[in-house]
Amino acid sequence: VSGQRCSRFGIHPSFTFLQKLYNSGEANFFMNTGILSEPMTKADDWITKSKIRLFAHNHMTREQLALDPHDKNPGTGVGGRLLDMLKKNGYQTSGNTVDGSSLLNVGDSYYSNPTSTISASGVSTIDQI
């Protein structure tokens, strides 16, 4: 990997399907990403120029889930908007989240995309005989 501090990355051996995708160039990982409300460099006064609180983990996490720095679709997440566009084009859609709601899956209420919540402690038994 060029331009990174780490030259080697790994995927857990039991995650074989993702390993195959990554090794064949069909999957990527994004690291150290962030959201800017306008183009700027390290030399710019980003504290006053950016309306986003850079370097605040909780704010950057929310911005990553929304990917909407100009508030064109406030209260929605990037995954929810993707589901909206799929539904608008005739696909059946739904989202999943682990242990509660996530801004990532929130779309426009007009499309009513269902979201399932999965417990972080595992799946409960569904049909016992």
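Count along the sequence shown starting at 1, add 1, and that's the number in the numbering used here. C-beta: ideal position from N, C-alpha, C; glycine also. As the structure is a computational prediction, the values presented were derived from the model and not from experiment.
Assigned secondary structure, residue i (DSSP; H/G/I helix, E/B strand, else coil)
| i | result |
| --- | --- |
| G4 | coil |
| N97 | strand |
| T42 | coil |
| T118 | strand |
| H71 | coil |
| T17 | helix |
| G80 | helix |
| Q90 | Note that residue 90 is Asn in the sequence shown, not Gln. It is coil, neither helix nor strand. |
| L66 | helix |
| L37 | coil |
| I48 | helix |
Exposure of residue i, with buried meaning 16 or more beta-carbon neighbours within 10 Å
| i | result |
| --- | --- |
| A121 | exposed |
| A57 | exposed |
| R82 | buried |
| G91 | exposed |
| G108 | buried |
| G78 | buried |
| N1 | No answer is possible for residue 1: the residues shown for the chain start at 2 and end at 130. |
Residue i and residue j closer than 9 Å at C-beta
| i | j | result |
| --- | --- | --- |
| G80 | N106 | yes |
| L84 | G101 | no |
| P40 | I53 | no |
| T94 | S117 | no |
| F31 | F10 | no |
| Y112 | K73 | no |
| S25 | S38 | no |
Same chain, Cβ closer than 8 Å to residue i, neighbours up to 5 away in sequence not counted
| i | result |
| --- | --- |
| T34 | Q65 |
| I119 | N97, T98, V99, D100 |
| A28 | L19, L22 |
Close-in-space but distant-in-sequence residues of the same chain around residue i (CB under 7 Å, 5 per side omitted)
| i | result |
| --- | --- |
| L104 | R63, L66, A67, G78 |
| I136 | No answer is possible for residue 136: it lies beyond the span of the chain, which begins at 2 and ends at 130. |
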